[in-house]
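**Q**
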Amino acid sequence: MTDPEPLVRIEGLTKHFGETVALDDLTLDIARGEFVTFLGPSGCGKSTTLRILGGFERPTRGRVILDGADVTNQPPEKRQVNMVFQDYALFPHMTVAQNVSFGLELKGMGKAEIKRRSDEILSFLELESYGSRYPIQLSGGQRQRVALARALAPDPALLLLDEPLGALDAKLRGQVQQELKSIQRRTHKTFFFVTHDQEEALTMSDRIVVLNHGRVEQDGTPEELYFRPASRFVAEFIGETNLLSGRVRGKEDDKIVMDWHGQTLRGLAPQGSPDQGEPITASVRLEKLQFHSERPEMPNAVRGRVVGKTFLGSRMAMEIAVDDVEDAMLRAYVDAETGARVGSDPVWIGWDVDSMAMLTD
Amino acid sequence: MNDRPELFRGNRIFLACIYWAFVLYVFVPLILMVLMGFKDSRFIGFPIRSWTLEWYTGVFADTEVLSTFGYSIAIAVLSTLISILVGTWIAVLLEGRKFAGRGLTFGLTLLPALVPGIISAIAFRIYARWLGIEPGMGAIVWAHAVHNVPFVVLVVMARLSTLPKSQIEAARDLGADPLITFLRITLPYLVPAILGASIFCLLLSFDDFVRSFFLGGYEPTLPVMIFAMLRSGMSPEINAIATVALVLTAAIGLWAERFTRRMNKER
Ligand SMILES: Nc1ncnc2c1ncn2[C@@H]1O[C@H](COP(=O)(O)OP(=O)(O)OP(=O)(O)O)[C@@H](O)[C@H]1O
Ligand SMILES: [Mg+2]
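As given, the protein sequences belong to chains A and B, one line each in that order. Its first residue numbered 148, the first sequence is counted upward by one per residue in the working numbering. Its first residue numbered -2, the second sequence is counted upward by one per residue in the working numbering.
(1) Since Asn359 (chain A) meets chain B, which of its residues come closer than 8 Å, beta carbon to beta carbon?
(2) Does Ile182 (chain B) come within less than 8 Å of chain A when only Cβ atoms are used?
(3) Looking at Ser80 (chain B) and Cys198 (chain B), is the spacing between their C-beta atoms short of 8 Å?
(4) Residues of the segment 210 to 230 of chain B in Cβ contact with chain A at a cutoff of 9 Å, in chain order, please.
(5) Just by C-beta distance, which residues in the segment 156 to 178 of chain B are closer than 8 Å to chain A?
(6) For Phe35 (chain B), I'd like the list of residues in its chain whose CB is within less than 6 Å of its CB, leaving aside the five on either flank, ordered along the chain.
(7) Just to be sure I understand the criterion: a residue counts if its Cβ is closer than 6 Å to at least one heavy atom of ligand 1. Which residues meet that?
(8) Following the continuous alpha helix (DSSP H) through Gln291 (chain A), name the residue where it begins and the one where it ends.
(9) If you reduce the DSSP assignment to three classes, tell me which class Arg488 (chain A) lands in.
(10) Indicate the three-state DSSP secondary structure (helix, strand or coil) for Met148 (chain A) in the structure shown.
(11) Taking a contact to mean a Cβ-Cβ separation below 8 Å, would you say Val323 (chain A) touches Leu274 (chain A) in this structure?
(12) Mapping DSSP to helix, strand and coil, what is Arg39 (chain B)?
(13) With DSSP run on the structure shown, which of helix, strand or coil describes Phe66 (chain B)?
(14) Should Asp302 (chain A) be flagged as near chain B, meaning a C-beta pair shorter than 8 Å?
(15) Starting from the Cα of Met351 (chain A), find the closest Cα among A:Asn220, A:Asp214 and A:Lys328 and give me that residue.
(16) Give a yes or no on contact between the segment 176 to 195 of chain B and the segment 151 to 162 of chain B, applying the rule of three or more CB pairs nearer than 8 Å.
(17) Between A:Pro153, A:Leu170 and A:Glu166, which has its C-alpha nearest Gly159 (chain A)'s C-alpha?
(18) Can you tell me whether Asp309 (chain A) sits near ligand 2, meaning its C-beta is under 7 Å from at least one heavy atom of the ligand?
(19) For Arg156 (chain A), which residues does DSSP report across the bridge?
(20) Determine the chain B residues that contact Glu224 (chain A) at a beta-carbon separation under 7 Å, and present them in chain order.
(21) Against Pro113 (chain B), what residues of chain A qualify as contacts under a CB-to-CB distance less than 7 Å, listed in chain order?
(22) Straight-line CA distance for Pro189 (chain B) to Lys95 (chain B)?
(23) Exposed or buried, Ala216 (chain A), counting other C-beta atoms within 10 Å across all chains shown (16 or more means buried)?
(24) So Pro185 (chain B) contacts chain A; which residues on that side make the cut at Cβ distance below 7 Å?
(25) In chain order, what residues of the segment 238 to 268 of chain A put their CB closer than 8 Å to some CB of chain B?
(26) Identify every run of the beta strand (DSSP E) within the segment 52 to 120 of chain B, keeping only runs that are complete inside it and at least 3 residues long; order them along the chain.
(27) What residue range does the alpha helix (DSSP H) around Gly414 (chain A) cover?
(28) Beta-carbon within less than 7 Å of Met148 (chain A)'s beta-carbon, same chain only, minus the 5 sequence neighbours each way: which residues are those?
(29) Nearest-angstrom Cα distance between His343 (chain A) and Ser430 (chain A)?
(30) Just the chain B side, please: which residues come within less than 9 Å of Asp214 (chain A) by C-beta, in chain order?
(31) Mind the definition here: the segment 410 to 428 of chain A touches the segment 388 to 401 of chain A only if three or more C-beta pairs lie below 8 Å; say whether that holds.
(32) In angstroms with no decimal places, state the Cα-to-Cα distance between Gln245 (chain A) and Asp482 (chain A).
(33) Note down, in chain order, every chain B residue with its Cβ under 9 Å from the Cβ of Gly409 (chain A).
(34) So Arg442 (chain A) and Pro493 (chain A) are in contact, right, with Cβ under 8 Å, and what is the actual spacing, rounded?
(35) Going straight from the alpha carbon of Gly255 (chain A) to that of Glu204 (chain A), what length do you get?
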């Protein structure tokens, strides 16, 4: 973010569609070689941002600076940006090789050079034996790779990908995610990836920008977003979590002490410090809760009873009713063996300060 | 279906009967016409005692008939080219665009196809005289082109509406300006529609009598010539000419059908 010259600088981008506000004063920098993911629920303005970057849409307000130049009003053909479309948009009347060469021809390259470059990119994506096929003769995964090859061929400064894996089945999807990530690493290209799938975002990105109602909710590494969500929205949107609502009791260094139905809990303070007595919500990830038979030596510990177990293969989801706190349920993941051992006796649940993020709403 | 086999079967036989009755109704006159063209007698009717190719050799030897064929084909080709150009252009302008008066423009575009032939022929005649255009090939081509444009617009627009927007955007994204995008993406996508519309226009023009009659000069088109020949009574030559025209149009139609189907399969 502090890069003196980011590849892309989005300044105060606002887009209205009639009454709808698709983007609301969005400001964002993208560094060179970054794999940035735009994550958010349906209709939050992800595609709109991408389409403005690609040149298919003009913002109502704001600017897009690419490589130091203002490209806000440049048509798509003038930009050093290529896009992988959600439906791939392969040209049906052209072979794979012709599809890939299309952008090269329009750059005014010579025949021999086009051939060399398109062969190179096809073999890079392991498509060399499909060059003479038509898109209709390919599988979904192959089409996806051709779309990627076609967008990479003209050597764009920025590659835009709008939910490119949406049409693939779950198994292939996982495989392609790894592939895409490795291609990004090997090409050192800047990828701007859009998805509404949080798992996909966590797996692939260097950095995730969570968008909600056309505004940035949080911007950080996958780890930051997962373990230190800044808002309730992010905590709920990414992964599963326990949300504990209580009141601020006080502060200790960089920790917040909260009162949760009479229990004293300690967690990491959020940005901006809430005052004593204010309501506050804390988020604890399911896998951060530990089971003990005695009260553990941990900053946070509560006693409860396991009231439900769900077998999930390698692990087990436990539901714990906390003693003396009505309607308070905690959910936790434990490995399957531990889960099997836990009976109906009271158990102690403990977690660290680091595992509990305090949220501003 | 298996629950009511009896009813279903009865239905099917009934439908089959209707179908074959329809086929007979359509084809018997054509078959009669073709047969009479090979009959070795000027008298039209059964029985046919002997066969001949005399009428055909006569027709093919007659330079006037041949030139009329050529004339009609030239008119069909020219008017089709014009309708395709104008029609495709209008379709591209109208499809997927919103502007004030789009509905009105669309309605006006379709009007020439809806006006009864005789009325539009008379109107054209008056208009042509007013403009000082001589009756003849130019006038006929013009009238046919105007009449056929709406069909081209409809067919091309229907095809255009199925072109995914992302195709256009992908081309632009890869560096094509709007013109190159049209030539390299939109146009190839429209080829089957344009081809189908062309065949339709060719046949409409080749077949037209009313406009050609009202706007023609001294040289008749094929239908007008046949009409003229009819005035001196039905003759085997007419059957021969009509059979040749029938074979020609049927061949073009079948080829176009096969071609478009193959093209659709490829994509
Ligand atoms: N061309 C348009 N005309 C009118 N409204 C639009 C248009 N494009 C987008 N919108 C509206 O703008 C908002 C943001 O849309 P956008 O496509 O950016 O969402 P998204 O985050 O990509 O969602 P999804 O995950 O469903 O693709 C939505 O409310 C949408 O209805
Ligand atoms: Mg979208």
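We put the CB at the ideal spot given by N, CA and C, even for glycine. A quick note: this is a predicted structure, and the numbers were derived from the prediction, not measured.
**A** To lay it out plainly:
(1) Correct list: empty, because the minimum Cβ distance to chain B is about 26 Å.
(2) Answer yes: the Cβ-Cβ gap between Ile182 (chain B) and chain A drops below 8 Å somewhere.
(3) In this structure, Cys198 (chain B) lies near Ser80 (chain B), with their beta-carbon atoms less than 8 Å apart.
(4) Within the segment 210 to 230 of chain B, no residue qualifies.
(5) Here the close residues are Pro161, Ser163, Gln164, Glu166, Ala167, Ala168, Arg169, Asp170, Leu171, Gly172, Ala173, Asp174 and Ile177.
(6) Correct list, in chain order: Trp48.
(7) Taken from the N-terminal end onward, the list reads A:Phe164, A:Thr167, A:Ala169, A:Gly187, A:Ser189, A:Gly190, A:Cys191, A:Gly192, A:Lys193, A:Ser194, A:Thr195 and A:His343.
(8) That run of the alpha helix (DSSP H) goes Gly287 to Leu299.
(9) Reduced to three states, the DSSP call for Arg488 (chain A) is helix.
(10) Confidence at Met148 (chain A) is low in this model, with a pLDDT of 47, below 50, so the placement of that residue is unreliable and no value is reported for it.
(11) No. Outside cutoff.
(12) If DSSP states are grouped into helix, strand and coil, Arg39 (chain B) belongs with coil.
(13) Of the three classes helix, strand and coil, the one that applies to Phe66 (chain B) here is helix, per DSSP.
(14) Look at Asp302 (chain A): its C-beta is not under 8 Å from any C-beta on chain B.
(15) For the residues A:Asn220, A:Asp214 and A:Lys328, the minimum Cα distance to Met351 (chain A) belongs to A:Lys328.
(16) Yes: the two stretches touch, three or more of their Cβ pairs being nearer than 8 Å.
(17) Comparing Cα-Cα distances from Gly159 (chain A) to each of A:Pro153, A:Leu170 and A:Glu166, the minimum goes to A:Leu170.
(18) Yes - ligand 2 has a heavy atom lying nearer than 7 Å to the Cβ of Asp309 (chain A).
(19) According to DSSP, which records beta bridges pairwise, Arg156 (chain A) is partnered with A:Asp176 and A:Ile212.
(20) Contact annotation for Glu224 (chain A) against chain B: Arg169, Gly172, Ala173 and Asp174 [CB-CB distance below 7 Å, chain order].
(21) Near Pro113 (chain B) there are no residues of chain A at all, since even the closest Cβ is about 40 Å away, more than 7 Å.
(22) Taking the straight line joining both Cα atoms gives about 26 Å.
(23) With fewer than 16 neighbouring CB atoms inside 10 Å of its own CB, Ala216 (chain A) falls in the exposed class.
(24) Under the 7 Å cutoff, chain A gives His240.
(25) Per Cβ criterion, the list reads Phe238, Pro239, His240, Phe249, Gly250, Leu253 and Lys254.
(26) None, since the segment 52 to 120 of chain B contains no complete beta strand (DSSP E) of that length.
(27) Premise fails: Gly414 (chain A) lies in the beta strand (DSSP E), Gln410 to Leu415, not in any alpha helix (DSSP H).
(28) Bear in mind that a pLDDT of 47 at Met148 (chain A), under 50, signals an unreliable position, so the model cannot answer this.
(29) Taking the straight line from one Cα to the other gives about 21 Å.
(30) Here the premise fails: no neighbours, minimum Cβ distance about 17 Å.
(31) With contact defined as three or more Cβ pairs closer than 8 Å, the segment 410 to 428 of chain A and the segment 388 to 401 of chain A are in contact.
(32) Straight-line Cα distance between these residues: approximately 52 Å.
(33) Simply none; closest approach about 57 Å.
(34) With 8 Å as the limit, Arg442 (chain A) and Pro493 (chain A) do not qualify as a contact, their Cβ atoms being about 11 Å apart.
(35) Spanning the two alpha carbons is a distance of roughly 26 Å.
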